[in-house]
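Peer 1: So the sequence shown is residues 0 to 186, counted in numbering that gives the first Met the number 0.
I have a structure I would like to understand better, so I am pasting it below and will then ask my questions one at a time.
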Amino acid sequence: MKSLLAACLLASAIALPTASFAEEAAHVKPVTDYVTANVKPWLSDPAVIEAVKKSNEAHAKTDYFQIKEMDDAWKESKGGEPMAALMANDLSTFLKAKRSEAGDVITEAFVMDAAGLNVGQTDGTGDYFQGDEAKWQKTYAAGPDAIFIDEVEEDGGKNIAQASLSISDGGKAIGAITIGIDVDKLK
Numbered sequence: 000m001k002s003l004l005a006a007c008l009l010a011s012a013i014a015l016p017t018a019s020f021a022e023e024a025a026h027v028k029p030v031t032d033y034v035t036a037n038v039k040p041w042l043s044d045p046a047v048i049e050a051v052k053k054s055n056e057a058h059a060k061t062d063y064f065q066i067k068e069m070d071d072a073w074k075e076s077k078g079g080e081p082m083a084a085l086m087a088n089d090l091s092t093f094l095k096a097k098r099s100e101a102g103d104v105i106t107e108a109f110v111m112d113a114a115g116l117n118v119g120q121t122d123g124t125g126d127y128f129q130g131d132e133a134k135w136q137k138t139y140a141a142g143p144d145a146i147f148i149d150e151v152e153e154d155g156g157k158n159i160a161q162a163s164l165s166i167s168d169g170g171k172a173i174g175a176i177t178i179g180i181d182v183d184k185l186k
């Protein structure tokens, strides 16, 4: 009896991660399809391209220590300056309009430059520097056509997957965007 119980527990422990992985992976295709059809077209809009290029130019000679200093100031501000100024810029206004047009599907959006620094956003972020995270590393750093769909996480009663895409100009990645997608709204 004990060996049967042990075998059942072992079998369920092995099967559980597989089922969980299959459920999580099920969101990748619908999220990819959604962002390809509904987000990628507006990544070539001049509002996006020009803002990213301007930020890239401003940060072209920024070193790691300067980035860390800016990121620390961002975290300490807790939604004040410099976050408030960035959230009021033209790109942030553009992103907020796109989120509104998407209904409840898009929960957030933020654009990053070639250094992984935020350029525009719909909502506050915990940090200014995204370059140490998969959302930037698996898109901008991967090339001009990269799309990365992260795992689904529960956030305020919603099942959210972050979809990140490279922003490109002239066939070259110049930045990236991360979009929060309410996966339940895609069903």
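Glycine residues also receive a C-beta, built at the ideal position from the N, C-alpha and C atoms.
Keep in mind that this is a model prediction, so the values were computed, not measured.
I need the straight-line Cα distance from Ala5 to Lys28, nearest angstrom please.
Peer 2: Confidence at Ala5 is low in this model, with a pLDDT of 36, below 50, so the placement of that residue should be treated as unreliable; the coordinate-derived value is given next. Roughly 37 Å separates the two Cα atoms.
Peer 1: Below 8 Å, can you find three or more Cβ-Cβ pairs linking the segment 77-90 to the segment 133-147?
Peer 2: Cβ pair count under 8 Å is below three, so no.
Peer 1: Taking its Cβ as the centre, do 16 or more other Cβ atoms sit within 10 Å of Thr177, making it buried, or is it exposed?
Peer 2: Label assigned to Thr177: buried.
Peer 1: For Gly119 versus Phe128, is the C-beta distance shorter than 8 Å?
Peer 2: Not in contact: Gly119 and Phe128 (Cβ atoms no closer than 8 Å).
Peer 1: Given this structure, state the Cα-to-Cα distance separating Ala50 from Gly155, to the nearest angstrom.
Peer 2: In a straight line, the C-alpha of Ala50 is about 31 Å away from that of Gly155.
Peer 1: Should Asp112 go down as buried or exposed, given a rule of 16 or more other Cβ atoms within 10 Å for buried?
Peer 2: By the 10 Å Cβ count, Asp112 comes out buried.
Peer 1: Given this structure, state the Cα-to-Cα distance separating Ala108 from Leu94, to the nearest angstrom.
Peer 2: Each residue's alpha carbon lies about 6 Å from the other.
Peer 1: Give the secondary structure of Thr124 by DSSP, where H, G and I count as helix, E and B as strand, and everything else as coil.
Peer 2: Here Thr124 sits in coil by DSSP.
Peer 1: Cβ atoms of Ile159 and Glu152: under 8 Å apart, would you say?
Peer 2: Yes, Cβ-Cβ distance for Glu152 and Ile159 is below 8 Å.
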